[in-house]
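Each number in my numbering comes from the position in the sequence shown (counting from 1) with 6 added on. Below: the structure, in structure tokens.
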Amino acid sequence: MENWRDLDLSQLKLEPSVAALLGRLLRHIEVLEGETVLLRAENQALRDEINRLKG
């Protein structure tokens, strides 16, 4: 499996509580990945602004 997003939890033989927890964790990871992308873009914009101000 190359991508965790391709994971089909229904195909795994997991206890329902474990499957639910794993699903919640995967959704949390996805949220954190999105936040990371936004923060990287913001950091780059700030670096660009600093360089612009330095001349």
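Using N, Cα and C, we set each Cβ at its ideal position, and we do this for glycine too.
Checklist line | Enclosing alpha helix (DSSP H) for Asp54 [first to last residue] | finding: Here the alpha helix (DSSP H) through Asp54 covers 22-60.
Check: Under the rule that 16 or more other beta-carbon atoms within 10 Å means buried, what is Met7, buried or exposed?
Finding: Reliability of the predicted coordinates at Met7 is poor, the pLDDT of 45 falling under 50, and the value obtained from them is presented with this limitation in mind. It is exposed - the Cβ of Met7 has fewer than 16 other Cβ atoms within 10 Å.
Item checked: Collapsed DSSP secondary structure at Asp3 in the structure displayed -> Nothing about residue 3 can be reported from this structure: the residues present for the chain run from 7 to 61 only.
Check: Roughly how many angstroms lie between the CA atoms of Asp14 and Leu38, to the nearest whole one?
Finding: Each residue's Cα considered, the two are about 20 Å apart.
Note to self: With the cut-off set at 8 Å, would you say Gln20 and Leu32 are in Cβ contact?
What the structure shows: According to the sequence displayed, residue 20 carries Leu and not Gln. Taking 8 Å as the Cβ cut-off, Leu20 and Leu32 do not qualify as a contacting pair.
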